[in-house]
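In our numbering, the protein residues as written are 5 to 70.
Each residue gets a CB set at the ideal place from its N, CA and C atoms; glycine is no exception.
Please read the structure below before turning to the comments.
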């Protein structure tokens with residue numbers, strides 16, 4: 005990878021990504037992030053389902069005459 009391809013003038017700030025250890029660390033961070041977001045997603049799906057059931061139990065509103 006050529007250093008001039010980076011937009012940031014501080015090319016050394018990218019060095020950790022270019023090493024096998026840096027790539028491994030980035031992968032671990034990404035996996036943890038993805039697991040956390042998937043857990044949040046599942047939690048939100050359950051909450052939405054619960055709220056829908058709650059709304060479904062409400063009585064239908066009466067039509068207002070115009």
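Distance check for residue j and residue i, CA to CA, integer angstroms please.
{"i": "residue 57", "j": "residue 50", "result": "11 Å"}
{"i": "residue 47", "j": "residue 40", "result": "11 Å"}
{"i": "residue 38", "j": "residue 70", "result": "52 Å"}
{"i": "residue 36", "j": "residue 52", "result": "24 Å"}
Counting only the same chain and skipping the five closest in sequence on each side, list residues whose C-beta sits under 8 Å from that of residue i.
{"i": "residue 67", "result": "none"}
Ordered list of alpha helix (DSSP H) runs contained in the segment 21-67, each at least 4 residues: The segment 21-67 contains these whole alpha helix (DSSP H) runs: 24-60.
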